[in-house]
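K.L.:
Under numbering that gives the first Met the number 0, the first residue of the sequence shown is numbered 0, with each subsequent residue one higher. Using N, Cα and C, we set each Cβ at its ideal position, and we do this for glycine too. Submitted below is the structure of interest, expressed as structure tokens.
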Amino acid sequence: MRNSGKIAKLAVVAVGMVGALAVCGPTAQAAPTAHAAQLSRVVDSAWSATVGFSGKISAVDNDSLVLATANGSVTFDLTQGPYRSGSLQSGRNAYVAAYAQNGAWVATAVFTYP
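Here it is, written out as structure tokens:
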């Protein structure tokens, strides 16, 4: 029974990844095998507690990303090594999956598109 829960979580992640890649269009990149451990970590975390944000990147550095959303700016911690698809540059549209930890948003995946 325990494996069926993991399989269900993997299916949810796979469907989400396919949907995000379809939205990104021809600039999307397939996830290389080097990111398999990161994807596994995302699946093993409390996926149900993950929240999605859409907006435009207004600032980025090695440790954080600021996303301008319709409801204001949101800062994400990037120190946990989130899965990334696309280029993290100011001015690009992005979808960020994150969870709350100690009063801060920690990114688990960042998808950018033109």
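Decide if residue 110 is buried, meaning its Cβ has at least 16 other Cβ atoms within 10 Å, or exposed.
P.N.:
With 16 or more Cβ atoms within 10 Å of its Cβ, residue 110 is classed as buried.
K.L.:
In the DSSP assignment, find the unbroken beta strand (DSSP E) run with residue 92 in it and report its ends.
P.N.:
Per DSSP, residue 92 belongs to the beta strand (DSSP E) from 92 to 100.
K.L.:
By the three-class DSSP mapping on this structure, what secondary structure does residue 69 have?
P.N.:
The answer is coil: DSSP assigns residue 69 none of H, G, I, E or B.
K.L.:
Report buried or exposed for residue 21, applying the criterion of at least 16 other Cβ atoms within 10 angstroms of its Cβ.
P.N.:
Any reading at residue 21 needs caution, since the residue's pLDDT is 44, under 50, leaving its predicted position unreliable; the model's value is listed next. Label assigned to residue 21: exposed.
K.L.:
Exposed or buried, residue 113, counting other C-beta atoms within 10 Å across all chains shown (16 or more means buried)?
P.N.:
When all chains shown are included, residue 113 counts as exposed.
K.L.:
I believe residue 78 touches residue 62 by the beta-carbon criterion, under 8 Å. Please report the beta-carbon distance rounded to the nearest angstrom.
P.N.:
The pair is a contact, with the Cβ atoms about 5 Å apart (cut-off 8 Å).
K.L.:
Can you check DSSP and say which residues form a bridge with residue 51?
P.N.:
Note: residue 51 sits in a beta bridge opposite 96.
K.L.:
Report all residues from its chain with a CB closer than 6 Å to the CB of residue 43; omit the five preceding and five following residues, and keep chain order.
P.N.:
At residue 43, the pLDDT of 49 sits below 50, so the modelled position is not reliable; the number obtained from the coordinates is stated separately. Closer than 6 Å at the Cβ level, and outside the excluded window around residue 43, lies no residue.
K.L.:
Is it buried or exposed for residue 104, if we count other Cβ within 10 angstroms and need 16 for buried?
P.N.:
Buried.
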